[in-house]
Structures are given as structure tokens and as C-alpha cells.
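Colleague: Numbering (our numbering), first residue to last: 19 to 140. A virtual CB, placed ideally from N, CA and C, is assigned to each residue, including glycine. Mind looking over this structure? Questions follow.
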């Protein structure tokens, strides 16, 4: 977990700053002055120059996701596996799921398939 925090998490921050500052690594950029918090920056993606928007979204989004993860990190607790998850799903929703995916397992497979196609931390 230390590696994840000290290397991977830190890399999102460094790459975001590199994107915002370009070659002026030590100086605060005009964009940072205009949007002084990460949340403000991400809320205003459409106002950023197009050539940096993709990297700001990727590295800024990754930083937000990792900040959320590490803020809410708690000691792992083993939960019992619930093999009867279908019994807890609203009947109407379960019917829709089964209409589209035949079985609940089909939905789970599609979710995993989609998740594996996402780049980055989320």
C-alpha cells in the first residue's frame, strides 16, 4: 500500500502539475491561479485549453479517485459472501435485468467487461 500511495498516487499529482505548468515546473501556472483547487479545476475542464484537457481529466480524475480511496481507507473487514443477492434486488429491476441479460450473472459479466475497458483509476 505504501508503494501505491508513495509512487502511483504521487505520480498522478506530478503529472497533473507537469501538464498545468509545462516547462515551468516550479512556478504556479495561470490555470492554477484561476482554479486554485482540484475540484474547481475539474469542474471547469471545458474552460481549459483543448491540448491539455485530456491529461488534466486523466491525471486530475486519478488524483481525486486516489484521494477518495486513501481518505476512506479502513482496515479490511471480511464480509460473508451473499450467494442470494438476487433475492435483495427489486422485483421489477430483476425482471428488466433478466430480460436483457437472461440471468443476473450476464449483467455481472457485462459490468466486468466494461470496467476492464476503462483506462486509469476509474
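1) Determine the closest residue to residue 75 out of 62, 125 and 108, with distance taken between C-alpha atoms.
2) With DSSP run on the structure shown, which of helix, strand or coil describes residue 6?
3) Just verifying my parser: in three-state terms, what is the DSSP assignment at residue 24?
4) Check whether the region 71-90 touches the region 30-38, counting contact only when three or more Cβ pairs, one atom from each stretch, lie closer than 8 Å.
5) Please classify residue 40: does DSSP put it in a helix, a strand, or coil?
6) In whole angstroms, what is the alpha-carbon distance linking residue 55 and residue 117?
7) Considering only residues of the same chain and omitting the five flanking positions on each side of residue 31, which have a CB-CB separation below 6 Å?
Modeller: Working from what's here:
1) Position 57 of the chain shown, counted from the first residue, corresponds to residue 75. Each of 62, 125 and 108 was checked against the Cα of residue 75, and the nearest Cα belongs to 62.
2) The structure shown does not extend to residue 6, since the chain is modelled only from 19 through 140, so no value can be given for it.
3) The count along the chain shown starts at 1 and reaches residue 24 at position 6. Here residue 24 sits in helix by DSSP.
4) Flag = yes, the region 71-90 and the region 30-38 touch.
5) Taking the first residue of the chain shown as 1, we reach residue 40 at position 22. Residue state, collapsed to three classes: coil.
6) The residue labelled residue 55 in the question sits at position 37 within the chain shown. The residue labelled residue 117 in the question sits at position 99 within the chain shown. Straight-line Cα distance between these residues: approximately 45 Å.
7) Taking the chain shown and counting its residues from 1, the one referred to as residue 31 is at position 13. For residue 31, where only same-chain residues beyond five positions count, the Cβ hits under 6 Å are 81.
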